[in-house]
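As structure tokens, the structure follows; a few thoughts come after it.
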Amino acid sequence: MRKTFPLLLVAALAAHAAAQSGRRITTPPPPEPQTEAPPAPSVEAAPAARPSVAELRTLPDGVLKRELQSLDRGSFRLADFGGKVVVVNLWATWCGPCRMEIPEYEQVRREYAARGVEFVGLTTEDPRTSSERVRQFVREYKFGFRLGWADRETALALMNGRNVIPQTYVIAADSTVVRHWRGYAPGGRNAFMLRDALDRALSGGEAQAGGSR
Numbered sequence: 044m045r046k047t048f049p050l051l052l053v054a055a056l057a058a059h060a061a062a063q064s065g066r067r068i069t070t071p072p073p074p075e076p077q078t079e080a081p082p083a084p085s086v087e088a089a090p091a092a093r094p095s096v097a098e099l100r101t102l103p104d105g106v107l108k109r110e111l112q113s114l115d116r117g118s119f120r121l122a123d124f125g126g127k128v129v130v131v132n133l134w135a136t137w138c139g140p141c142r143m144e145i146p147e148y149e150q151v152r153r154e155y156a157a158r159g160v161e162f163v164g165l166t167t168e169d170p171r172t173s174s175e176r177v178r179q180f181v182r183e184y185k186f187g188f189r190l191g192w193a194d195r196e197t198a199l200a201l202m203n204g205r206n207v208i209p210q211t212y213v214i215a216a217d218s219t220v221v222r223h224w225r226g227y228a229p230g231g232r233n234a235f236m237l238r239d240a241l242d243r244a245l246s247g248g249e250a251q252a253g254g255s256r
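Per this note's numbering, the sequence shown runs over residues 44 to 256.
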């Protein structure tokens, strides 16, 4: 019995060693390095703080002459309204401040309907995915502006480094910017600014110093 136990122990150790020698030990590969995708440009609802950027005094020719897709499937250019006072509003259906602003602007549009002012609303949404939603919005709000889709280049040029909406331009008959502002101010202040800028543009007044807020 004393001889049998050492023999069994030796046999067990030998079997364990044999099992270990047959096992393949692998090292997991190092994780692949991760690269961050560049952020996609986005548009936010104003107000939002942005670094100071020089204001546009006139609309660039590239913006004026760029063909824009109309909501009614036609097209137009801002240059088509040369010689007229033009209001350009950047907006979107998802933008809360835009929803508050549009009824006030629509009232101003009706007030100036007989004075030759062209009101243009450019949505920053994608016509491939948002067409029906935008049309439904227009019907609900009775939005009487000439409506079109702001392509990426036009939107970026008009936003001029401040990627927030709504934004409003009042442009004189000679294409100079009379006034430009971003965001919505409650209490009818946007409508007041719009009327004031329109009266200045129609009377041939100069652009307001600073031109924007």
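Backbone N, C-alpha and C define an ideal beta-carbon position, used for all residues, glycine too.
CA-to-CA distance, glycine 231 to alanine 198, given in whole angstroms: 25 Å
Shortest alpha-carbon distance to arginine 205 belongs to which of Ile214, Cys141, Asp242 and Trp224? Trp224
Alpha carbons only, please: which of Ala240, Arg152, Ala244 and Leu201 is nearest the one belonging to aspartate 217? Ala244
Where proline 82 falls: helix, strand or coil (DSSP): Note on proline 82: pLDDT 37, under 50, position unreliable in the model; no value is reported.
Suppose the cutoff is 7 Å on Cβ atoms and the five residues either side in sequence are ignored; what does the same chain contact list for alanine 122 look like? Leu107 and Lys108
Three-state class that DSSP yields for glutamate 168 in the structure shown: coil
Does DSSP classify arginine 189 as helix, strand or coil? strand
Beta-carbon proximity of valine 221 to alanine 228, cut-off 8 Å: no
Provide the residue span of the alpha helix (DSSP H) that contains tyrosine 148, from first to last. 139 to 154
Return the chain-ordered list of same chain residues with a C-beta closer than 7 Å to the C-beta of glycine 187, the five sequence neighbours on each side being excluded. Glu149 and Arg152
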